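A short worksheet on the structure shown next.
Residue numbers (the UniProt record's numbering): 1 to 410.
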């Protein structure tokens, strides 16, 4: 092991499967799916319907940030999730047993305020209206990290990570390294994304990676299936509070689980086509960091987007790391959609729930042994024996690979 495990003391989430961690856990336990058909009409250009997963009922206008400026929807999601995690970890209230200079924020978002920027562009060019003077502050990539640092008085660090679909996984892993190195004692970590805006959606549609909304919503996104046709674009946020074990025990914080391993790598091969070799390096690095071997992992929450190239590469990398023994694999993007920069954090929360409940989320739209892996499939979660360690994969455009391992308390 290259570093001590780090305590997870708070969790928060706003996802298409629910507006809190409890709601997310309940829907995962029932194996519910949030994907639905969504139509986009861009006048004079195109009209199409695709699979999407929205945080229905979430109103960003009801969320106030400490800066007082108008919030991008993604930043509002981030604040809501982080406040839930901070409350559970005991970082809120009048008596905060935390030194501000030892508290940091490490936050990920793949495209940041892209939806707000899309709306501003429409306002300027289509409606011929001036922009707000706070437009830059709303849309800048580190807006959420800035709001969070002010919300919690975090003076040690306010770091924003933009690594496409691996953004929040990288943010969590880099915060873990900072805690191990003694740079901070406690970190608010995670990520957000809110890209369900016409211009942003059209950008993904142009790449031909959005799954068409044909048939039953539960089968729109079919990770690792031979007839997979793309991903369902989602939105949401998830946050964790992580800290050194000494800090958690000193504060009397709840010890929910341990963050035990982090591995990262870069394919350095192609900007959009993944490379199994890079993914293998990241998984092996996470295992080495945690002092584990493949046989110790009870469950993998795969990146599993439902794209042709992505799933094929990941199936190959899983086979190389875990061999003929295999490992049960979940692909929760089939249920909550592809949350882009928020995906790593949300899926780590899903993996933690699976470990604690000993029930693995199932993918309704894929057959057994899809692409040769042990994919958890069907209409109900799979009951498994108690697990000690789970892995969560995040593999991004640009070749960034990030793998996290969480462990049950001994």
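Virtual Cβ for every residue (Gly too), placed ideally from N, Cα, C.
Source: prediction; values computed, not measured.
Could you tell me the distance, in whole angstroms, from the CA atom of residue i to the CA atom of residue j?
| i | j | result |
| --- | --- | --- |
| residue 104 | residue 190 | 12 Å |
| residue 257 | residue 346 | 15 Å |
| residue 361 | residue 351 | 9 Å |
| residue 214 | residue 100 | 51 Å |
| residue 119 | residue 84 | 29 Å |
| residue 107 | residue 379 | 34 Å |
| residue 375 | residue 365 | 11 Å |
| residue 178 | residue 184 | 6 Å |
| residue 121 | residue 400 | 30 Å |
| residue 260 | residue 44 | 52 Å |
| residue 343 | residue 173 | 14 Å |
| residue 136 | residue 116 | 10 Å |
| residue 202 | residue 255 | 43 Å |
| residue 131 | residue 139 | 12 Å |
| residue 199 | residue 387 | 43 Å |
| residue 293 | residue 265 | 18 Å |
| residue 268 | residue 398 | 8 Å |
| residue 331 | residue 221 | 10 Å |
Looking only at its own chain, which residues have a Cβ that is under 6 Å from the Cβ of residue i, when we skip the five neighbours before and after it?
| i | result |
| --- | --- |
| residue 393 | 302, 303 and 403 |
| residue 142 | 160 |
| residue 1 | Here residue 1 scores only 49 on pLDDT, less than 50, and its place in the model is too uncertain to base an answer on. |
| residue 283 | 321 and 403 |
| residue 64 | none |
| residue 396 | 163, 164, 165 and 166 |
| residue 274 | 310, 313 and 395 |
| residue 197 | 115 and 118 |
Only counting the same chain, and skipping five residues up and downstream in sequence, which positions put a Cβ closer than 7 Å to that of residue i?
| i | result |
| --- | --- |
| residue 371 | 224, 311, 312 and 315 |
| residue 20 | 13 and 84 |
| residue 86 | 10, 92, 152, 188 and 241 |
Considering only their Cβ atoms, is the gap separating residue j from residue i smaller than 8 Å?
| i | j | result |
| --- | --- | --- |
| residue 248 | residue 7 | yes |
| residue 450 | residue 17 | Here the chain covers residues 1 to 410 and nothing more, so residue 450 does not appear. |
| residue 53 | residue 337 | yes |
| residue 156 | residue 102 | yes |
| residue 238 | residue 263 | no |
In its own chain, which residues sit with a C-beta less than 8 Å from the C-beta of residue i, not counting the 5 before and 5 after it?
| i | result |
| --- | --- |
| residue 205 | 40, 46, 48 and 50 |
| residue 4 | 180, 244 and 245 |
| residue 57 | 19 |
In the DSSP assignment, what residue or residues form a beta bridge with residue i?
| i | result |
| --- | --- |
| residue 107 | 160 and 190 |
| residue 42 | 46 |
| residue 243 | 7 and 186 |
Hey, is residue i's beta-carbon within less than 8 Å of any beta-carbon in chain B?
| i | result |
| --- | --- |
| residue 363 | Chain labels in this structure do not include chain B; a single protein chain is all it has. |
Inset, instruction - Assess, as a yes-or-no matter, whether the stretch 68-88 is touched by the stretch 161-172 under the definition of 3 or more beta carbon pairs within less than 8 Å. - result: no
Inset, instruction - Please determine if the stretch 133-153 and the stretch 63-72 are in contact, where contact requires at least 3 C-beta pairs separated by less than 8 Å. - result: yes
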